[in-house]
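*Asks:* I have a structure here, written as structure tokens, and I will follow up with some questions on it.
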Amino acid sequence: MKASTPPPATIAQSHLDALKAIAGPGGWFESDSDTLAYRQSWRYGYTGTTPLVLRPKMTAEVSEIVAYCSQHRIAIVPQGGNTGLTFAGQPRETMGEIVVSTERLNKIRNIDLANDTITVDAGVVLQTIQEAATAKNRLFPLSLGAQGSCRIGGNISTNAGGVQVLRYGNTRNLVLGLEVVLADGRVWDGLRSLRKDNTGYDLKQLFIAGEGTLGIITAAVLRLFPLPTTSETAWIAVESPAAGVALLGRMKERMGEAISAFELIRRSIVDFTIQGVPGNEDPMRDVHPWYVLMDVSSQGAPGSLHEPLTEALASAMEDGIAQDAIIAGSTQQSKKLWKMREDMAEGQRAAGGSIAHDISVPVSDIAAFVAEADAALEKAYPGIRHCCFGHVGDGNLHYNPVRPVGWTQDRYMQEYQAVNRIVHDIVIAHRGSISAEHGIGRIKLAENTHYKSAVELDVQRAIKRALDPLGIMNPGKLIEM
Ligand SMILES: Cc1cc2nc3c(=O)[nH]c(=O)nc-3n(C[C@H](O)[C@H](O)[C@H](O)COP(=O)(O)OP(=O)(O)OC[C@H]3O[C@@H](n4cnc5c(N)ncnc54)[C@H](O)[C@@H]3O)c2cc1C
């Protein structure tokens, strides 16, 4: 049977009973109300259908479930915290897919301080890993707004980015080894904690950003870093994206490797977040069109970064690169600034009627991208409201234009594909990516096929067919077969 032949649309009751028996008591949900949280998307209010959510609690159970599904051609949607933003983690509308949640695979297996690694089950919540590392005086640097509910298997399967990629790299850079249940149920034990291993194809890379289309990750070995001993947070007003990029250059010259986060923020998203999410207020009295939120940290003595940062910011203001700057005076103030940044996705959602683009271009092209995309959208949709924020140190912006005033959300959503095409054509003209950190899922599936070369699509389809010949792993996501 070829992967291009979809698995049957419905699942026989006898199969559902057999799968429930494998997961055991407490290991499954089937009623509409119990499965709702596993079927709903965080963004855009999508709700899929499924006859069964399974919650295995060990790798052996995952293996048995997948082996059964492979034998009977039952489609599987792996799921972590269900915070993904591309409809990759929810079942489709067919009732023909079961969900396998990793939420009960939640043990921290080992911390190796000499090797600076932590080995965890795939269902451990990201924040739990951060806290476990901190308790041992180490840093696990992956950090993003959904960290209280996303799970590491989901982070790995989307190659999540977040706010510290500039210094520590994205999730791909943080993973040393994986344990994966393959699409036929066999367990691949790749839980190596090596920094050097040139023994052929690096299989783990296929599952990182694989969106559950090749297998189910059940555990991972992750890199840890020294815990910074001092840090500073600055909120800086700039006139334009070009000034933001110039500021990044100046800060790199002056602060070097100490820069751990550098976020560019448009005024409109500050307004949406203050209005839409309680507990946020304007950090500065004067209103500016753009801001940068920056963190620096190091292993130096507490407070040792304050003076160099103050001087670096003063030089940027003298040279007209920055208009104003605040350095957080306490940990509490720093947390407040970061809360606002983390609440921006929620602020955007509260504003309603935005069309999200998670794009990347070379950092040197950021200003040109914003200017060209703004102008093209204004021409097509007079009155459209520009909104963007993101990890500009990585060339990654969440470019989320909001419906023109007076338009209903429904009317704007009818333009979804057209708005995407305008923005993505400009991204591709700058040799950028239409998905910097959120993935493809279903939402970008057609766009991915449109922009990727035939050669690249062919190779990716060949990999999918080789690892999942029956096409049971998260069908209809990531790659159009
Ligand atoms: C408020 C908010 C802020 C966010 N900020 C960021 C950000 O800054 N950077 C960023 O990159 N993302 C961000 N995201 C998106 C999201 O949090 C990430 O994509 C996250 O990595 C998803 O993890 P999850 O556990 O929720 O995965 P899910 O949503 O459950 O799944 C995501 C994908 O991974 C697959 N999957 C999940 N677990 C496994 C597994 N064990 N094995 C195989 N496949 C699996 C699913 O099938 C699906 O394809 C944000 C989301 C929200 C809601």
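Each number in my numbering comes from the position in the sequence shown (counting from 1) with 12 added on.
All C-beta atoms, glycine included, are put in the ideal place defined by N, C-alpha and C.
Since the structure is predicted, the reported quantities are computational estimates derived from the model, not experimental observations.
(1) Report the start-end ranges of each alpha helix (DSSP H) in the stretch 397 to 463 that is 4 residues or longer and not cut off at the edges.
(2) For the stretch 396 to 403 against the stretch 272 to 287, are there 3 or more C-beta pairs whose distance is under 8 Å?
(3) In or out: Asn-412 buried (at least 16 other Cβ within 10 Å) or exposed?
(4) Compare the beta carbon distance of Leu-151 and Leu-239 with 7 Å and say whether it is the shorter of the two.
(5) Spatial neighbours of Asn-118 within its chain, please: CB distance less than 6 Å, with the 5 preceding and 5 following residues excluded, ordered by chain position.
(6) Got a sec? Which residues, its chain only, sit under 6 Å from Gln-472 by beta carbon, not counting five neighbours each side?
(7) Leaving aside the five residues before and after Trp-40 along the sequence, list all residues of the same chain whose C-beta is less than 7 Å from its C-beta, in chain order.
(8) Please classify Thr-343 as buried or exposed, where buried requires at least 16 other C-beta atoms within 10 Å of its C-beta.
(9) By how many angstroms is the C-alpha of Met-263 removed from the C-alpha of Ala-21?
(10) Any chance the CB of Asn-118 is under 6 Å from a heavy atom of ligand 1?
(11) Are the Cβ atoms of Thr-146 and Ser-205 separated by less than 7 Å?
(12) Leaving aside the five residues before and after Gln-159 along the sequence, list all residues of the same chain whose C-beta is less than 6 Å from its C-beta, in chain order.
(13) Would a C-beta distance cut-off of 7 Å place Ile-228 and Phe-219 closer than the cut-off?
(14) Does the stretch 230 to 250 come close enough to the stretch 180 to 187 that 3 or more CB-CB pairs lie under 8 Å?
(15) Quick one: is Gly-315 buried, meaning 16 or more other Cβ sit within 10 Å of its Cβ, or exposed?
(16) If we define contact as Cβ-Cβ less than 7 Å, is His-462 a contact residue for chain C?
(17) State buried or exposed for Ala-337, treating a residue as buried only when at least 16 other CB atoms are found within 10 Å of its CB.
(18) Which same chain residues, not among the five before or five after Gly-402, have their C-beta less than 6 Å away from its C-beta?
(19) Measuring only the C-alpha atoms, how far is Gly-256 from Lys-348?
(20) Can you determine whether any heavy atom of ligand 1 sits closer than 6 Å to the C-beta of Gly-162, and answer yes or no?
(21) For the pair the stretch 456 to 474 and the stretch 375 to 385, tell me if three or more CB-CB distances fall below 8 Å.
(22) Could you compute how far the alpha carbon of Ser-75 sits from the alpha carbon of Ala-249?
(23) DSSP on Val-510, reduced to helix/strand/coil?
(24) Taking just the CA atoms, how far does Trp-302 sit from Ile-271?
(25) Do the stretch 193 to 200 and the stretch 475 to 483 meet, that is, are 3 or more Cβ pairs less than 8 Å apart?
(26) Out of curiosity, what's the CA-to-CA distance linking Asp-437 and Ser-366?
*Replies:* So, from the listed chains and residues:
(1) 421 to 425, 428 to 441, 457 to 463
(2) yes
(3) Numbered from 1 along the sequence shown, position 400 holds the residue referred to as residue 412. Asn-412 comes out buried.
(4) The residue you call residue 151 lines up with position 139 of the sequence shown. The residue you call residue 239 lines up with position 227 of the sequence shown. It is a contact, given that the beta carbons lie within the stated cut-off.
(5) Taking the sequence shown and counting its residues from 1, one reaches residue 118 at position 106. For Asn-118, where only same-chain residues beyond five positions count, the Cβ hits under 6 Å are Asp-133, Gly-135, Val-136.
(6) Taking the first residue of the sequence shown as 1, we reach residue 472 at position 460. Hits under 6 Å: Ile-491.
(7) As a first step, residue 40 must be located in the sequence shown, where it is residue number 28. Answer for Trp-40: Lys-32, Leu-64, Val-65, Leu-66, Arg-67, listed in chain order.
(8) The residue given as residue 343 occupies position 331 in the sequence shown. Thr-343 should be labelled exposed.
(9) For the purposes of this step, residue 21 is taken as the residue at position 9 of the sequence shown. For the purposes of this step, residue 263 is taken as the residue at position 251 of the sequence shown. The alpha-carbon atoms of Ala-21 and Met-263 are separated by roughly 55 Å.
(10) Here the question's residue 118 lines up with position 106 in the sequence shown. Flag unset: Cβ of Asn-118 not near ligand 1.
(11) Here the question's residue 146 lines up with position 134 in the sequence shown. Here the question's residue 205 lines up with position 193 in the sequence shown. Taking 7 Å as the Cβ cut-off, Thr-146 and Ser-205 do not qualify as a contacting pair.
(12) Working through the sequence shown from its first residue, we reach residue 159 at position 147. Once the five neighbours on either side are set aside, the close Cβ partners of Gln-159 are Leu-138, Gln-139.
(13) On the sequence shown, position 216 is the one that residue 228 refers to. On the sequence shown, position 207 is the one that residue 219 refers to. The answer is no: Cβ separation not under 7 Å.
(14) yes
(15) Along the sequence shown, read from residue 1 onward, the residue named residue 315 stands at position 303. Counting Cβ neighbours within 10 Å, Gly-315 comes out exposed, since fewer than 16 surround it.
(16) Among the chains of the structure shown, chain C does not appear; only one protein chain is present.
(17) To locate residue 337, count along the sequence shown from 1; it is residue 325. By the 10 Å Cβ count, Ala-337 comes out buried.
(18) Working through the sequence shown from its first residue, we reach residue 402 at position 390. Answer for Gly-402: Asn-408, Leu-409, His-410, listed in chain order.
(19) On the sequence shown, residue 256 is found 244 positions in, with the first residue counted as 1. On the sequence shown, residue 348 is found 336 positions in, with the first residue counted as 1. Straight-line Cα distance between these residues: approximately 21 Å.
(20) As a first step, residue 162 is located in the sequence shown; it is residue number 150 there, counting from the start. The sequence as given places Cys at residue 162; Gly does not occur at that position. Yes, since a heavy atom of ligand 1 falls inside the 6 Å radius drawn around the Cβ of Cys-162.
(21) no
(22) Looking up residue 75 in the sequence shown gives position 63. Looking up residue 249 in the sequence shown gives position 237. Between Ser-75 and Ala-249, the C-alpha separation is close to 52 Å.
(23) Residue 510 cannot be examined here, being either before or after the span of the chain that is shown, 13 to 493.
(24) Here residue 271 corresponds to residue number 259 of the sequence shown, with the count starting at 1. Here residue 302 corresponds to residue number 290 of the sequence shown, with the count starting at 1. Approximately 19 Å, taken between the alpha carbons.
(25) yes
(26) Translated into positions along the sequence shown, residue 437 becomes position 425. Translated into positions along the sequence shown, residue 366 becomes position 354. Roughly 19 Å separates the two Cα atoms.
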